[in-house]
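Since the structure comes first, as structure tokens, the remarks are kept for the end.
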Amino acid sequence: MSQREPSSIFASCCLFFVPMDGLSARATKLMKPRVLEMGGRVEDQLTVIFSGDLTQQEEDDNDVIDLEQDDERVMNPVVTHLIVARSVNSDSFLRYLGRHDISEAMIARLHVVTDGWVTDSIKKKQRLNEKDHQFPYHSVASSPALSRQATPTQSPPPPSPPLTPPDPPLPLALAASGGATVPRVPAVKMEASIPEVKMEVCSAHGGGGEEEEYHHTRPSMERNRRLAKMFKQLSSVYKAIATEPSQDFQRYRHYSRISEIVSTWPEPIESVQDLRPLRGCYGAKTDEKVNEFFRTGSSQRLAHLLSDERTKAFMEFQQIWHVGAAESNKLYRRGLRTLADVKRHPEYLSTDLQRRCLKYVEDFQKKMTRAEVEEAHQQVCSVAERLYPGELHIVLTGSYRRGDAQTKDIDFLITRHDDREVADEVNRIVDSLSHDGFMTDTLVLSPGCGFGAKSEHKSVTFYGVCRPRKGGPLRRIDMWMQHRSEYAFALLHCTGSAQFNITMRTHADKMGLQLTQHKLAKVIEATGSKQGARRSGQSRNLTHEGPPIPCETEEEIFTAMGLRYRPPPQRFHDRDFGAECHEAIAHRKLTWYWPDGGAVDSSGEPLAKRRKKDDIPRPPIVDQLLVRQQHQLQLKRERAMAAGNLKGAMMALKGA
DNA sequence: AAACAAACAAGA
DNA sequence: TCTTGT
DNA sequence: GTTT
Ligand SMILES: [Mg+2]
1 MSQREPSSIF ASCCLFFVPM DGLSARATKL MKPRVLEMGG RVEDQLTVIF
51 SGDLTQQEED DNDVIDLEQD DERVMNPVVT HLIVARSVNS DSFLRYLGRH
101 DISEAMIARL HVVTDGWVTD SIKKKQRLNE KDHQFPYHSV ASSPALSRQA
151 TPTQSPPPPS PPLTPPDPPL PLALAASGGA TVPRVPAVKM EASIPEVKME
201 VCSAHGGGGE EEEYHHTRPS MERNRRLAKM FKQLSSVYKA IATEPSQDFQ
251 RYRHYSRISE IVSTWPEPIE SVQDLRPLRG CYGAKTDEKV NEFFRTGSSQ
301 RLAHLLSDER TKAFMEFQQI WHVGAAESNK LYRRGLRTLA DVKRHPEYLS
351 TDLQRRCLKY VEDFQKKMTR AEVEEAHQQV CSVAERLYPG ELHIVLTGSY
401 RRGDAQTKDI DFLITRHDDR EVADEVNRIV DSLSHDGFMT DTLVLSPGCG
451 FGAKSEHKSV TFYGVCRPRK GGPLRRIDMW MQHRSEYAFA LLHCTGSAQF
501 NITMRTHADK MGLQLTQHKL AKVIEATGSK QGARRSGQSR NLTHEGPPIP
551 CETEEEIFTA MGLRYRPPPQ RFHDRDFGAE CHEAIAHRKL TWYWPDGGAV
601 DSSGEPLAKR RKKDDIPRPP IVDQLLVRQQ HQLQLKRERA MAAGNLKGAM
651 MALKGA
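In full-length UniProt numbering, the protein residues as written are 1 to 656.
Structure representation (structure tokens):
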């Protein structure tokens, strides 16, 4: 993996720093001297003029590439490594190549890695494996799961696209939906990648001018990214200090939303005017913060919060898993201020779990590549296959499934191929993996028996710690197992994003539905406000649910809620999602299909149109929905009446 | 001034 | 019930 | 935090 002599760790490496996101400047100042010192070479020309004698052209030292001239330029043949800033968007990178007339094929034999590879190699004084620092620009998943390069010196061949469709489908039709033919499926599904690898949702310079330096006064995708980061930081701070559904908690929710919207904004935000049409999450305060950012490149409020002693302490404490705002408050009041303080006084923590998690703080900060996630998947699958040959369906979910290039944890969803109830499969798989040394700790494991309160079917939750690579960092790993009839809901749930789930469920609520990780059901009766429930000491309102609306696929869940399907890479609360939800409410008519019939058919019309392509006709139930306005007004009236507030009731009635 | 609030699981 | 996590 |  490495050469012994620090002075030769970059031997036979020739680096080219792709001048995007300010890498050029940083490279020249900081990295280049170290690389040279360590036996490497740095080129400042990506292409050379092709005139038969490449070695000579290489000396051609113009520092400006004149793209206007008609000379044929080819890839600089001595370059072995392209170094790309991690923050660069893959699309921007591909456009950059395009402008230099370089095809993906031409760099297939090169290492295309992030600047982290260089800095970490320098730091560790050894040449790290390029595979772990690949800059994933391909339009296909970056690495096959099992083939690890033994040596970093050979460039890997470009990965082939997965043959499987993006969504892990539930392999068998539901028994309840009638005698569909049962396709033969592989015993334990190894497939989990999606074809598109999404880079950081938003990044440097989308709208041309990639090589110009960033400035907060100039619109650019990089500016979007930094604005989103500012909101993300505000959200993190308020989450860290908010102890209850309070002002700060509302701020945390607000900044989470706006951060996700900005980070997925499809073009450079020209001015605040672009954001003003956002409804519900863009008011005066946010507007002022955006203005301030465009003026100064930062936020005083954020700067103040980040320098506040209490805030700093809370954020540090919460690097410990299962330490939140309340626990932080306790520690702070006992005079602790830093993580080191907590490590010196673990007795101030209130559970053994928290004390156990002290040792994970450093590793859990680290992100991992898709390759490592896929390796973990392989290991879990092979154990599952040995214990339950042919019985289980195991898919990767979470941000991996959404296509993120790097992830903080590994999320699995497991379901049985047949309709049997979930039993102790997860426990046994975990035990076996622990025996193998893969699984190293259990943080949470639901009891081996008993039913979830909110579901007909038992489900199992496991949060743990594993080490996918020998000698590598420990990683957070989550596994959920649910009954097959709930597969689509569980998949939607654990694919997220969190903010997307919240928006989906809020939308369901407005449609008079309730969406959970187990089911989608119509709400027949709701009493009082959520705040009212809290005041009167209930954790939530009493609701009566109608029959669950069965969905075999995620697509059907979207359809049932009047929304267009979104593949996992688009599962975030973005600019258009709010508008689409509103549109769905305006339509106010949905068709739901129950597996068994007895349906009323009031309008009759959408019967054939909404049919899915499967052969089994399912009688439709056509339902006029209680839409948001009606629903909310109804609640308002009830509340007003209950409070004996005649005026309020009249107002509400007038609104109707 | 008051309402707004994802929904759930686990564990102490 | 409170707290934390997904 | 925003909205009514
Ligand atoms: Mg995840």
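Ideal Cβ placement from N, Cα and C applies to all residues, glycine included.
Identity of the residues DSSP links to residue i by a beta bridge
i: Gly-464; result: Thr-442, Ile-477
i: Val-84; result: Thr-114
i: Pro-548; result: Ala-521
i: Gln-134; result: Val-113
i: His-393; result: Thr-415
i: Asp-409; result: Arg-476
i: Leu-513; result: Lys-522
Whole-Å CB distance - residue i paired with residue j, under 8 Å assumed
i: Ile-557; j: Phe-500; result: With 8 Å as the limit, Ile-557 and Phe-500 do not qualify as a contact, their Cβ atoms being about 12 Å apart.
i: Asn-76; j: Thr-114; result: Their Cβ separation, rounded to whole angstroms, is 20 Å, which puts Asn-76 and Thr-114 out of contact at 8 Å.
i: Asn-329; j: Thr-243; result: 6 Å
i: Asn-291; j: Trp-265; result: 17 Å between Cβ atoms; not a contact.
i: Ile-9; j: Arg-127; result: 5 Å
i: Glu-372; j: Pro-468; result: 5 Å
Residue i CB to nearest heavy atom of ligand 3 below 7 Å
i: Gly-398; result: With respect to ligand 3, the structure shown offers nothing to examine, as its ligands consist of ligand 1.
Residue i CB to nearest heavy atom of ligand 1 below 7 Å
i: Thr-495; result: no
i: Asp-411; result: yes
i: Lys-366; result: no
i: Thr-461; result: no
i: Lys-408; result: yes
Residue i (DSSP reduced to helix, strand or coil)
i: Cys-41; result: In the sequence under discussion, the amino acid at residue 41 is Arg, which differs from the Cys named in the question. Arg-41 falls in the strand class under three-state DSSP.
i: Phe-500; result: helix
i: Arg-386; result: helix
i: Ile-320; result: coil
i: Ile-107; result: helix
i: Ile-122; result: helix
i: Gln-482; result: coil
i: Phe-489; result: helix
i: Leu-15; result: strand
i: Ile-269; result: coil
i: residue 683; result: The structure shown does not extend to residue 683, since the chain is modelled only from 1 to 656, so the question has no answer here.
i: Gly-179; result: Note on Gly-179: pLDDT 31, under 50, position unreliable in the model; no value is reported.
i: Thr-286; result: helix
i: Met-561; result: coil
i: Met-20; result: coil
i: Thr-553; result: coil
Whole-angstrom distance between residue j and residue i, CA atom to CA atom
i: Ser-446; j: Ile-477; result: 15 Å
i: Ser-256; j: Val-237; result: 11 Å
i: Leu-474; j: Gln-300; result: 37 Å
i: Cys-466; j: Met-481; result: 18 Å
i: Phe-317; j: Asp-44; result: 44 Å
i: Gln-406; j: Tyr-400; result: 8 Å
i: Val-84; j: Lys-229; result: 20 Å
i: Ser-455; j: His-215; result: 52 Å
i: Gly-179; j: Arg-564; result: Caution is warranted here: a pLDDT of 31 is assigned to Gly-179, below 50, making its placement in the model unreliable, and no coordinate value can be reported.
i: Tyr-487; j: His-518; result: 8 Å
i: Phe-135; j: Ser-259; result: 24 Å
i: Ala-521; j: Tyr-463; result: 28 Å
i: Ser-497; j: Glu-37; result: 44 Å
i: Phe-17; j: Leu-396; result: 34 Å
i: Leu-491; j: Glu-554; result: 7 Å
i: Cys-281; j: Met-504; result: 16 Å
i: Phe-293; j: Thr-286; result: 10 Å
i: Asp-409; j: Leu-392; result: 22 Å
i: Asp-436; j: Arg-370; result: 22 Å
i: Ile-549; j: His-457; result: 16 Å
i: Met-479; j: Thr-415; result: 11 Å
i: residue 683; j: Asp-431; result: Nothing about residue 683 can be read from this structure; the chain reaches only from 1 to 656.
i: Arg-506; j: Ser-350; result: Residue identity differs from the one stated: residue 506 is Thr in this sequence, not Arg. Computed Cα separation, rounded: 35 Å.
i: Ala-423; j: His-417; result: 13 Å
i: Thr-378; j: Phe-438; result: Reading off the sequence shown, one finds Gln at residue 378, where the question assumed Thr. About 12 Å.
i: Asp-248; j: Ala-240; result: 9 Å
i: Val-262; j: Asp-274; result: 11 Å
i: Arg-251; j: Arg-386; result: 48 Å
i: Val-272; j: Leu-227; result: 12 Å
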